[in-house]
Structure formats: C-alpha cells, structure tokens
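Novice: For reference, the structure I am asking about is given below.
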Amino acid sequence: MEYPFWFGGSASSMATLLTHPLDLVKVRLQATPNAQKASTSGTVHRILLTEGFTGLYSGLSAALLRQMTYSTIRFGVYEDLKIRLRARRPAEEGLGSMLIPLSAFSGFIAGVAGNPADIVNVRMQSDKAKPLRDQTRYRHVFDGLVQIIRKEGPLRGLFRGVGANATRAALMNSSQLASYDICKSYLLRNFSMRDGTASHLVSSAVAGIVATTICSPVDVVKTRVMSSSGQGAWNILRASTLREGPAWIFKGWLPSFMRLGPQTVLTMIFFEQHKRVYSRFPVI
C-alpha cells in the first residue's frame with residue numbers, strides 16, 4: 001500500500017521535538033576541537049547554567065525545517081523506490097541487498113535538499129560554544145538563511161559542506177532505514193514476531209546503533225565544516241587528525257547515540273503509526 005510522501009518528515013519532526021536537546025549536546029561536543037575533556041553531563045550542566053532550560057532548544061526552528069525537507073525526501077523517495085522494487089520482485093529473497101543502494105540514493109538527494117536548513121541548525125546549536133566575535137546570533141531559521149545569503153552568497157553559503165553532508169545522509173539512510181527494514185523482516189520471518197510495536201522497537205534500536213557507528217566520522221567532519229566560516233572538509237580532516245589523533249572520528253559517539261538512538265526509535269514508531277492510521281482511514 002502506498003502512503004503520503006510527507007509521512008517521514010512528519011514522523012521525524014515529532015521525534016525531533018523530544019530529542020533536540022540531545023542533538024544540541026552532540027553538536028556542542030563535536031564543534032569544539034579542543035574539548036577532549038568535555039563530557040556529556042558537563043556540557044548539559046554548562047548549558048543549563050549559562051543559557052537556562054531554553055538553551056537546550058537552541059536552533060529548534062532550523063531543526064524542524066531540516067526534518068521537513070531532509071526527512072520528507074529521504075523517507076518519501078526510499079518508500080516509493082521500495083514499493084516499485086517489490087512490485088517487480090514480489091518474493092522477499094534478494095530484496096535486502098537492494099534496499100541499501102536505494103536508501104543511500106534517497107539519502108544523498110535528501111542531504112543536498114536539506115543542506116541549507118542543516119547549516120543554520122548546526123550554527124545555531126554551536127553558537128554559544130564559540131567566542132563572541134565568531135557567534136552568528138541568528139534569531140530563527142529564516143533569519144539565518146537570509147543572513148547567509150547576504151554575507152556568503154546563496155550557493156557558496158547555503159551549500160557549504162554539501163559533499164560531506166550528502167555523503168553522511170547517504171550513509172545515514174542506508175544504515176538506518178535499510179537496516180531497520182532488514183532487521184524487521186528477519187524478526188518477522190525467523191522469530192514469528194508480528195508487525196507491531198515489539199518488532200518496531202527492536203529493529204529501530206538496532207538501526208540506531210548501526211547508524212551511529214557508521215556515520216560518526218562523517219558527522220564530526222560535517223559539524224565542523226558547517227560551523228566554520230571557511231575551511232573545507234579536507235583541511236578540517238587533516239587538522240583534526242594532527243591535533244587529536246585518529247580517535248577524533250568517534251568524538252561525541254555517546255551523545256550521538258543518545259540522540260540518534262531515541263530519534264530512530266521514535267521516528268520509526270511514529271512513522272509506523274502514521275501508516276497504521278492511514279491504512280484504516282486513507283483520507284489524509
């Protein structure tokens with residue numbers, strides 16, 4: 001059965017409302033190269049102390065716009081391609097290997113489309129971790145987009161780091177959506193589980209672990225490129241390795257998982273519920 005294109009963006013936005021503070025902590029840890037001794041709890045304490053509770057939701061407007069663009073496209077294109085594939089190959093055998101390139105392709109496209117909002121999101125979240133002279137002070141996502149266009153140009157500014165971001169999005173989609181579908185199919189086929197909340201929870205938890213581990217190196221580079229004002233991905237990659245050694249590629253893995261794990265679980269559960277309601281009342 002086909003579903004509305006926007007279900008993925010809606011489900012991801014709902015999850016973001018609950019997990020945004022975790023994403024903020026992850027970005028703060030990743031954006032500061034000399035913060036080797038910073039901890040997740042210490043970062044949370046510092047934000048609450050200096051910015052108050054609302055500081056945990058810095059950049060929320062940009063995060064929501066990102067989900068409405070990036071996640072809508074990555075889910076929508078992937079689900080459409082998956083439906084077309086299953087129409088041509090009704091048998092389940094061999095479908096798993098095809099889901100990976102399909103999800104990677106849809107993720108790459110979504111990464112390009114969601115890049116402008118992602119830049120504003122990263123900059124708003126990492127702003128208070130920078131010296132005053134380097135802070136952007138965007139009031140909201142649209143203020144950020146306008147300032148970037150004025151100061152940096154529409155293409156050079158809004159699509160800074162698009163290569164790293166699109167690559168990360170391709171890895172994210174293939175490791176998250178494909179692994180979710182593969183794991184759920186395995187559970188239903190081999191453990192006689194029903195297509196319900198239990199199988200959704202287990203599959204999304206596995207997908208969150210896989211996605212966090214695979215995407216960590218690109219995620220750190222993407223965060224540092226977007227929060228900087230001029231350095232390219234290669235220069236940041238080289239400088240980070242020289243300063244911090246190879247361990248930098250997993251900097252912020254725990255806060256990344258603390259954010260991506262719940263984000264994945266909530267997104268997939270909301271997405272499955274969207275589909276369940278639609279199957280009963282297909283008028284949305």
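UniProt numbering puts the first residue of the sequence shown at 1, with every later residue one more than the last. We treat Cβ as the ideally placed atom computed from N, Cα and C, and that holds for glycine. Just so it is clear, the structure is predicted and the values come from calculations on it, not from any experiment.
What's the call for Gly208, buried or exposed, on a 16-neighbour Cβ count within 10 Å?
Specialist: Position 208 of the sequence shown, counted from the first residue, corresponds to residue 208. So Gly208 counts as buried.
Novice: Do Gln176 and Thr264 count as a contact pair if the criterion is CB distance below 8 Å?
Specialist: The residue given as residue 264 occupies position 264 in the sequence shown. The residue given as residue 176 occupies position 176 in the sequence shown. Yes, Cβ-Cβ distance for Thr264 and Gln176 is below 8 Å.
Novice: Counting C-beta neighbours from all protein chains within 10 Å, is the total for Ser103 16 or more, i.e. buried, or is it exposed?
Specialist: Working through the sequence shown from its first residue, we reach residue 103 at position 103. Result: buried.
Novice: Taking buried to mean at least 16 other C-beta atoms within 10 Å of its own C-beta, is Asp181 buried or exposed?
Specialist: As a working note, residue 181 is residue 181 in the sequence shown. Buried, because 16 or more other Cβ atoms sit within 10 Å of the Cβ of Asp181.
Novice: Whole angstroms is fine: what's the gap from Arg123's alpha carbon to Asn190's?
Specialist: Sequence index remark: in the sequence shown, residue 123 carries index 123 (1-based). Sequence index remark: in the sequence shown, residue 190 carries index 190 (1-based). Taking the straight line from one Cα to the other gives about 45 Å.
Novice: Going by beta carbon distance, what residues of the same chain come within less than 6 Å of Lys275, once the five residues before and after it are set aside?
Specialist: Taking the sequence shown and counting its residues from 1, the one referred to as residue 275 is at position 275. Excluding residues within five positions, the ones whose Cβ falls inside 6 Å are Tyr3.
Novice: Which residue comes first and which comes last in the alpha helix (DSSP H) that contains Trp253?
Specialist: Position 253 of the sequence shown, counted from the start, is the residue given in the question as residue 253. Run containing Trp253: 253–280, per the alpha helix (DSSP H) assignment.
Novice: Where does Ala11 fall in DSSP's three states?
Specialist: One-based indexing of the sequence shown puts residue 11 at position 11. Three-state result, Ala11: helix.
Novice: Can you give, in chain order, each stretch of the alpha helix (DSSP H) that sits fully within the segment 134–209 and has at least 4 residues?
Specialist: As far as the segment 134–209 is concerned, its whole alpha helix (DSSP H) runs of at least 4 residues are 141–152, 154–158, 162–173, 179–190.
Novice: Which whole runs of the alpha helix (DSSP H) in the UniProt repeat "Solcar" (3–84) are 4 residues long or more, in chain order?
Specialist: The UniProt repeat "Solcar" (3–84) contains these whole alpha helix (DSSP H) runs: 7–31, 40–51, 60–66.
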